[in-house]
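Peer 1:
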Amino acid sequence: MISREYYRYLCDCSSFAIVGSDCAGQIISWNYAAEELFHAPAAEMMGQPISRIVPEERHTTLQEALDRAVTERKNSEFEVRHRVGDSSIKVLAVVISPVQDEQGDILGVAGWIRDISSRKLLEQQLTHSEKMASLGTLASGVAHHFNNIIGGVATFVDFALTSQDPEAAQRALKMTAEAATRISKITSSLLTFAQKGVCSTDLSDLTEVILTFSHLVEKPLSEKNITLDLHLQAVPIYEVSGTRIHQILGHLLDNSERAMKQGGTVTIDLHPRDKDLIMKFSDTGAGIEPADLPHIFEPFYTTEGVVSGGDYPSSGLGLAVVHGIVREQGASITVESQVGKGTTFTISFPEK
């Protein structure tokens, strides 16, 4: 049988700072790691309130955790920024848990504390590196598309200027206008992706938006041998921007149509899940390759446009725009796909 002394050494030798308190929140144990982390010996801390381990502005959070441990027998986790002595601020991960006997009676509360400052610094550096890499990819994509558009216009304009042909000049002007429109659409899509578009105030019920959209596209889809199925459960009224949701559905449908060139089925499902509202948009198309799946929401990422060997122009911004609008609406989006079987986009709208 393991002795009490073993458990005492187990706590004292832990790399976690372990602070024990009674149910009133008075410290009754303080291990070696706690002495090192807080620069305070056990003799000084015994009988002190456990609130001394967190800064004053987090006392309410700590008290709520203590109450939860004592009354509900549940653990609580939170992080605090704490200045210890004259040293720099440290980020501490704190877990508050109940201490119970064999009968389930509460003996006290344990606080498990670990310095995670180094991990937080690494996370910040990694996030910065990822942002810079994404910015480089975005800049490269913008430069590529704009160069292609402007390069074509410049070539045609130069030809028109040297030929002195009025018809050539007319065609050059027309091509310039078309190029300006394409550039404007790309810029608008980028603003939406970056959540800097103007938020629409045309609030509509989500169910009504789906019904209106289906009414508009059902006949054109049937001409392409595509069936539209709606599975809309009775849900509370949920206000969204009608224009924005129409954009989402339009981009998703555009992708589905290209994936079902021989026809198929598009299904829109709306149902509650816990306190959220879930909208699923599915098709029975070609599906997405596993290697492409993690990148589909990236700007300018396309596998079907002319640049990627397809037969129609595509900037690769459609799903990036969808992602931006979904975030703008305070929702989240995920995707599942099987090659040869189809793709499902799931948008989760949070409780309002």
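Numbering-wise, the sequence shown is residues 2 to 353 according to this note's numbering.
Glycine is no exception: its CB is placed at the ideal position from the N, C-alpha and C atoms.
DSSP on Q84, reduced to helix/strand/coil?
Peer 2: In the sequence under discussion, the amino acid at residue 84 is Arg, which differs from the Gln named in the question. Here R84 sits in strand by DSSP.
Peer 1: Restricting to Cα atoms, I'd like to know which of Q64, E179 and V158 is closest to A169.
Peer 2: Cα-wise, what sits closest to A169 is V158.
Peer 1: Report all residues from its chain with a CB closer than 6 Å to the CB of I151; omit the five preceding and five following residues, and keep chain order.
Peer 2: Within the same chain, I151 has no close Cβ partners at all.
Peer 1: Buried or exposed: which applies to A178, given that a residue is buried once 16 or more other Cβ atoms fall within 10 Å of its Cβ?
Peer 2: The residue is exposed, with fewer than 16 neighbouring Cβ atoms inside 10 Å.
Peer 1: Indicate the three-state DSSP secondary structure (helix, strand or coil) for F346 in the structure shown.
Peer 2: Residue state, collapsed to three classes: strand.
Peer 1: CA-CA distance, E148 and S77?
Peer 2: In the sequence under discussion, the amino acid at residue 148 is Asn, which differs from the Glu named in the question. If you take the alpha carbons of N148 and S77, they lie about 54 Å apart.
Peer 1: Could you check which residue in W31, E124 and C24 has the C-alpha nearest to that of Y10?
Peer 2: Of W31, E124 and C24, the residue nearest in Cα terms is W31.
Peer 1: Tell me whether A41 sits in a helix, a strand or coil according to DSSP, three-state version.
Peer 2: In the structure shown, A41 sits in coil (DSSP, three-state: anything other than H, G, I, E or B).
Peer 1: Verify whether the separation of the beta carbon atoms of T208 and L233 is less than 8 Å.
Peer 2: Yes, the Cβ-Cβ distance between T208 and L233 is below 8 Å.
Peer 1: Excluding the 5 residues flanking S349 on each side, which residues of the same chain have their C-beta closer than 7 Å to its C-beta?
Peer 2: So the list reads D277, I279, A332 and S333, once near-sequence residues are dropped.
Peer 1: For the alpha helix (DSSP H) holding S223, just list the boundary residues, first then last.
Peer 2: Where S223 is concerned, the enclosing alpha helix (DSSP H) stretches over L207 to S223.
Peer 1: Going by beta-carbon coordinates alone, are A180 and A161 separated by less than 8 Å?
Peer 2: Contact flag unset, no.
Peer 1: How big is the Cα-Cα spacing for K342 and T285?
Peer 2: If I take the Cα positions, the gap works out to 6 Å.
Peer 1: Taking Cβ to Cβ, would you say C24 is nearer than 8 Å to I107?
Peer 2: Going by C-beta atoms, C24 is nearer than 8 Å to I107.
Peer 1: Got a sec, what are the start and stop residues for the beta strand (DSSP E) R53 sits in?
Peer 2: Premise fails: R53 is in no beta strand (DSSP E) and is neither H nor E.
Peer 1: When DSSP labels each residue in this structure, what does L318 get in the three-state scheme?
Peer 2: If DSSP states are grouped into helix, strand and coil, L318 belongs with coil.
Peer 1: I'd like to know if the segment 281 to 301 and the segment 234 to 242 are in contact, where contact means that at least 3 CB-CB pairs between them fall below 8 Å.
Peer 2: Touching, no, given that fewer than three Cβ pairs across the two stretches are closer than 8 Å.
Peer 1: Among S283, R84 and D68, which one has its Cα closest to the Cα of S338?
Peer 2: The option with the nearest alpha carbon to S338 is S283.
Peer 1: Would you decide whether N256 is buried or exposed? Buried here means 16 or more other CB atoms lie within 10 Å of its CB.
Peer 2: With 16 or more other Cβ atoms within 10 Å, it is buried.
Peer 1: Pick out whichever of I184, Y239, L253 and E224 has its Cα sitting closest to the Cα of V363.
Peer 2: Examination of residue 363 is not possible in this model, given that the chain is present from 2 through 353 alone.
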